[in-house]
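Visitor: The structure follows.
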Amino acid sequence: MQNTDLTVDNEARARGRIQRANSLAGDVYEAIFAQLMSLRIAPGSRITVDNLVKEFNVSHTPIREALGRLEGEGLVLKTHLIGYRAAPQITRRRFDELYELRLLLEPAAAAKATATMDGERLAALQEAAGVMARRVGKDERLRYSNFARQDAIFHDKIVEFAQNELIRETLNHQHTHFHIFRLMYHSRVTEEALDEHEAILAAFAGGDPDAAEKAMRAHIENSRDRLLPAFE
Numbered sequence: 002m003q004n005t006d007l008t009v010d011n012e013a014r015a016r017g018r019i020q021r022a023n024s025l026a027g028d029v030y031e032a033i034f035a036q037l038m039s040l041r042i043a044p045g046s047r048i049t050v051d052n053l054v055k056e057f058n059v060s061h062t063p064i065r066e067a068l069g070r071l072e073g074e075g076l077v078l079k080t081h082l083i084g085y086r087a088a089p090q091i092t093r094r095r096f097d098e099l100y101e102l103r104l105l106l107e108p109a110a111a112a113k114a115t116a117t118m119d120g121e122r123l124a125a126l127q128e129a130a131g132v133m134a135r136r137v138g139k140d141e142r143l144r145y146s147n148f149a150r151q152d153a154i155f156h157d158k159i160v161e162f163a164q165n166e167l168i169r170e171t172l173n174h175q176h177t178h179f180h181i182f183r184l185m186y187h188s189r190v191t192e193e194a195l196d197e198h199e200a201i202l203a204a205f206a207g208g209d210p211d212a213a214e215k216a217m218r219a220h221i222e223n224s225r226d227r228l229l230p231a232f233e
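Now the structure itself:
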């Protein structure tokens, strides 16, 4: 919307345009991200910029910015002179390798994070868990994609609090959560995870590293079992 306040100086107007542009690119990113997570954009399918321009009624610039961000997250691939396509679905072998990696690293990280846990850090984890539990709005695809993002934040913060940057970088580099959530668009994937998150939080609140390690291991194993039917 054009700013009709003639008293606003040029600098403020410029800031407003930048903020609106950033907001638009962010909104477009979230919309495409939701379609990728919910499989509305199928793995491996071509993504046409012109079609997205028409769908979202925006210019090419925010579309390309959003696709560039998604490319950085491993969800979109760009081929020279061909264009964009959704990343292919991970294979069963890759799935097994990712979960083996998680089971090796995340339970131990949860135990270690218990030693550094304080009220502020616990509140940050509880906030991420709380956002995942909310059921706001009618768009199931958007809720599912929001859950995937908050789940990634939840697990990343735990590894961050464990104070091992190599583990954190290793897990982030795999974009694990985004790829596994694309395997199956189903409410069971999210609903059962909420109770498991609560068990992890309870262990942190109680200052019990053994319980935190056990709860994280159970959560990852259950997550693996929930998603295995995607390969049947």
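Following the working numbering, the numbering of the sequence shown begins with 2 at its first residue and continues without gaps. Yeah, the Cβ is synthetic: ideal placement off N, Cα and C, and Gly gets one too. Please read these numbers as outputs of a predicted model, since none were measured by experiment.
Which of the three DSSP states is assigned to ARG86 in this structure?
Guide: Within the sequence shown, residue 86 is the residue found at index 85, counting from 1. Reduced to three states, the DSSP call for ARG86 is strand.
Visitor: Looking only at its own chain, which residues have a Cβ that is under 8 Å from the Cβ of ALA125, when we skip the five neighbours before and after it?
Guide: In the sequence shown, the residue the question calls residue 125 occupies position 124. Excluding sequence neighbours, ALA125 sits near LYS158.
Visitor: Under 8 Å, with one C-beta from each stretch per pair, do the region 211-219 and the region 103-122 reach the 3-pair mark?
Guide: Verdict: yes, contact present.
Visitor: Less than 7 Å between the CB of GLU98 and some heavy atom of the ligand NAP, yes or no?
Guide: The ligand NAP is not part of the structure shown, which contains no ligands of any sort.
Visitor: Which word fits VAL77, buried or exposed, when buried means at least 16 other C-beta atoms lie within 10 angstroms of its C-beta?
Guide: In the sequence shown, the residue the question calls residue 77 occupies position 76. It is buried - the Cβ of VAL77 has at least 16 other Cβ atoms within 10 Å.
Visitor: Taking the C-alpha atoms as reference points, what is the distance between ARG65 and ILE33?
Guide: Locating residue 65 in the sequence shown gives position 64, counting from the first residue. Locating residue 33 in the sequence shown gives position 32, counting from the first residue. The C-alpha of ILE33 is placed about 11 Å away from the C-alpha of ARG65.
Visitor: Note down the Cα distance separating ARG122 from SER224, rounded to an integer number of angstroms.
Guide: Within the sequence shown, numbered from 1, the residue matching residue 122 stands at position 121. Within the sequence shown, numbered from 1, the residue matching residue 224 stands at position 223. Using only the alpha carbons, I get a separation of about 24 Å.
Visitor: Can you name the start and end residues of the beta strand (DSSP E) that LEU229 belongs to?
Guide: As a working mapping, residue 229 is identified with position 228 in the sequence shown. Segment: none, LEU229 is in no beta strand (DSSP E) and carries neither H nor E.
Visitor: The alpha helix (DSSP H) with THR80 in it runs from where to where?
Guide: Counted from its first residue, the sequence shown places residue 80 at position 79. Unbroken run through THR80 is the beta strand (DSSP E), 77-80; no alpha helix (DSSP H).
Visitor: Under a three-way DSSP split, which group does LEU47 fall into?
Guide: Against the sequence shown, residue 47 aligns to sequence position 46. The sequence shown places Arg at residue 47, rather than the Leu named in the question. Here ARG47 sits in strand by DSSP.
Visitor: Is the CB-CB distance between ARG37 and ARG227 below 8 Å?
Guide: As a working note, residue 37 is residue 36 in the sequence shown. As a working note, residue 227 is residue 226 in the sequence shown. It is Leu, not Arg, that sits at residue 37 in the sequence shown. No, these two residues do not count as a Cβ contact at 8 Å.
Visitor: Would you call ILE83 buried or exposed, if buried means 16 or more other Cβ atoms sit within 10 Å of its Cβ?
Guide: Counted from its first residue, the sequence shown places residue 83 at position 82. Answer is exposed; the Cβ neighbour count stays below 16.
Visitor: For the region 174-215, list the alpha helix (DSSP H) runs that are entirely contained and at least 4 residues long, ordered along the chain.
Guide: Those alpha helix (DSSP H) runs which fall completely within the region 174-215 and span 4+ residues are 177-182 and 188-206.
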